[in-house]
Each structure stands twice: as C-alpha cells, then as structure tokens.
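Chains as they are written, first to last, in the numbering used here: chain A, 1 to 153; chain B, 1001 to 1077. Worksheet for the structure shown next.
Quick look at the structure:
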C-alpha cells in the first residue's frame, strides 16, 4: 500500500476514476529553514472540536482547531467510508501529528507551532475549496505562519 | 489535498504535504510532497508509534528546504 495497483477492488476503480484538478504551473512560496519556521497543520480528515458543526456532503469550508487542543477532544465527521478509522481512534497523531510537531519544536527542529490548525473535508472537490483556502491564507499570515503541512486521510 | 497547496502557495504561504496516492499527486503536482506507503486513513504510519510518526513528519517538513519544485519524494524507511 498505497499505490492504486495495490488497492483491492472496488475501491481501486473508485479512486482511479476520481478526477484530479490539473494546473498549468506549480506556484512556489519560500519558507525559511525548518529550524526557523513557524508551522501549522492542515488536515483533510474532517476533524474538529465537537462543538463545531459537522462537515456535510460537499462541505468546502474549514474548521479551526485550537493549538492547545487534546487529540482526544476532536471528532471526525468526514463522509467517506474509504479509509481506516481504527488508527485515528487509537492515536490522533496517525492523522493529525499535533504531539509530534510540538515535540519537534521542543527539540529545536522547528521554531514554533501556530496558534491554530485547520481541517477541511477531503471528499469535497478541491476546486470548490479555492475561495476558502485563499481566505485561510490570510488567517495563516496573520499568525505569522511560515509554512503549513497538509495531511490527507 | 494538492489543490489546497496550489491555492495557499499562490497566496504566499509555503506548503509541504503527505501524499497517500502517488498517482493523484503526480497529476496535481503540488510544490512539495512526500509519498508514504501506508494505507488510507494512516498518513503518519502506525498508531502509538511516535518514532515512525516523527520520521514521516520530519521527512515531509524537510521538503520546505528544497531549492525548487515540484518535489515528490518517496518515504523510505
């Protein structure tokens, strides 16, 4: 796992048929070296505090995950049945590496962790997320974030 | 996931990402991606294996120091 050829049917055909957006060019924003970088996490696992509304079909917006949150305080409302959920239930870091990122900062590998992290619902067509993503960029810059790590599920 | 990277980078926010399905990432061509050989739902590897999770996270974050892209590397233990 996971190359498409390794995935059993019918999931393989479903995933192979997913239309991926294509871009003529690849943008390139510069980051400082990792030891000087302030980092936030963006997940597409559809996770959020339980007090926030669930994600629904085609949800293109995001939820804010406070930086000090405990993984056990998050819920998942991602609609797809196509991925393992037992790992997440056992250890949030398998989809949302909040503890590992904090440890890297404590060890001097990265400079700091952002005040907030964010989650989208990855089953939504990413092209529908464009407006929300550009809005999110403003929030990230307001928190002096140098770079984000995007984590799928 | 890779689409988000395009939009954020265009707004000036540097990104790196984990890729679970290499074929999709090859089409979308985000700036920096680390393909991992784990099953869907486990992008950082195994639960309760902080050493593995840290190796994956550092490998993805180190791509931020690449000079140019797009970069698509494979995670190798």
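Note that beta-carbon positions come from the ideal geometry of N, C-alpha and C, so glycine has one too.
Exercise. Can you tell me whether residue 155 of chain A is buried or exposed, with buried defined as 16 or more other CB within 10 angstroms of its CB?
Worked result: Chain A is shown from 1 up to 153; residue 155 of chain A falls before or after that span and cannot be answered.
Exercise. How should residue 97 of chain A be labelled, buried or exposed, when 16 other C-beta atoms within 10 angstroms of its C-beta is the threshold for buried?
Worked result: Against the first chain, residue 97 of chain A aligns to sequence position 97. Its Cβ being crowded by 16 or more others within 10 Å, residue 97 of chain A is buried.
Exercise. Can you find a C-beta in chain A that's less than 8 Å from the C-beta of residue 1048 of chain B?
Worked result: Taking the second chain and counting its residues from 1, the one referred to as residue 1048 of chain B is at position 48. Closer than 8 Å: yes.
Exercise. Where DSSP assigns a beta bridge to residue 117 of chain A, which residues make up the other side?
Worked result: As a working mapping, residue 117 of chain A is identified with position 117 in the first chain. Per DSSP, A:65.
Problem set entry | Span of the alpha helix (DSSP H) around residue 176 of chain A | Residue coverage of chain A in this structure runs from 1 to 153, which leaves residue 176 of chain A outside it and unanswerable.
Exercise. For residue 1077 of chain B, which three-state DSSP category applies?
Worked result: Translated into positions along the second chain, residue 1077 of chain B becomes position 77. Coil at residue 1077 of chain B, not helix or strand.
Problem set entry | Collapsed DSSP secondary structure at residue 48 of chain A in the structure displayed | Working through the first chain from its first residue, we reach residue 48 of chain A at position 48. In this structure, residue 48 of chain A counts as strand in the three-state DSSP scheme.
Exercise. Would DSSP call residue 39 of chain A helix, strand or coil?
Worked result: Position 39 of the first chain, counting from 1, holds the residue named residue 39 of chain A. It is a strand residue.
Problem set entry | Backbone secondary structure at residue 1 of chain A - three-state DSSP | One-based indexing of the first chain puts residue 1 of chain A at position 1. Reliability fails at residue 1 of chain A, whose pLDDT of 49 lies under 50, so the model's placement of it is uncertain and the value that follows must be treated cautiously. Three-state result, residue 1 of chain A: coil.
Problem set entry | Option in B:1001, B:1072, B:1014 and B:1038 with minimal Cα separation from residue 7 of chain A | Here residue 7 of chain A is taken as the residue at index 7 of the first chain, counted from 1. With distances taken between Cα atoms, residue 7 of chain A lies closest to B:1038.
Exercise. Can the beta-carbon of residue 149 of chain A be found less than 8 Å from the beta-carbon of residue 1017 of chain B?
Worked result: As a first step, residue 149 of chain A must be located in the first chain, where it is residue number 149. As a first step, residue 1017 of chain B must be located in the second chain, where it is residue number 17. Yes, Cβ-Cβ distance for residue 149 of chain A and residue 1017 of chain B is below 8 Å.
Exercise. Between A:139, A:25, A:36 and A:4, which lies nearest to residue 1070 of chain B when the distance is taken from Cα to Cα?
Worked result: Residue mapping note: residue 1070 of chain B aligns to position 70 of the second chain, counting from 1. With distances taken between Cα atoms, residue 1070 of chain B lies closest to A:25.
For this session: Helix, strand or coil for residue 153 of chain A, going by three-state DSSP, please let me know.
Result: One-based indexing of the first chain puts residue 153 of chain A at position 153. Residue 153 of chain A falls in the coil class under three-state DSSP.
For this session: Take residue 1008 of chain B and list the residues in its own chain whose beta-carbon comes closer than 7 Å to its own, dropping the five residues that flank it on each side.
Result: The residue you call residue 1008 of chain B lines up with position 8 of the second chain. Contacts found: 1015.
Exercise. Residues of chain B with CB under 8 Å from residue 145 of chain A, in chain order?
Worked result: Position 145 of the first chain holds residue 145 of chain A. The answer, in chain order, is 1013.
Exercise. Relative to chain B, which residues along the segment 34-49 of chain A have a C-beta separation below 8 Å, given in chain order?
Worked result: 34, 37, 39, 42 and 44
Exercise. Looking only at its own chain, which residues have a Cβ that is under 8 Å from the Cβ of residue 79 of chain A, when we skip the five neighbours before and after it?
Worked result: As a first step, residue 79 of chain A is located in the first chain; it is residue number 79 there, counting from the start. Hits under 8 Å: 46, 55, 56, 57, 121 and 123.
For this session: Could you tell me whether the Cβ of residue 129 of chain A comes closer than 8 Å to any Cβ of chain B?
Result: Counting from 1 along the first chain, the entry for residue 129 of chain A is found at position 129. Closer than 8 Å: yes.
For this session: For residue 52 of chain A, return the contacting residues in chain B, with the cut-off set at a CB-CB distance below 8 Å.
Result: Taking the first residue of the first chain as 1, we reach residue 52 of chain A at position 52. Here the premise fails: no neighbours, minimum Cβ distance about 19 Å.
For this session: Report yes if the CB atom of residue 1061 of chain B is closer than 8 Å to the CB atom of residue 1025 of chain B, and no otherwise.
Result: For this step, residue 1061 of chain B is matched to residue 61 along the second chain. For this step, residue 1025 of chain B is matched to residue 25 along the second chain. No.
Exercise. By the criterion of Cβ-Cβ separation under 7 Å, what are the contact partners of residue 1060 of chain B in chain A?
Worked result: Within the second chain, numbered from 1, the residue matching residue 1060 of chain B stands at position 60. Chain A residues near residue 1060 of chain B: 149.
For this session: Would you check if the segment 64-79 of chain A and the segment 1040-1055 of chain B touch, i.e. whether three or more CB-CB distances between them fall below 8 Å?
Result: no
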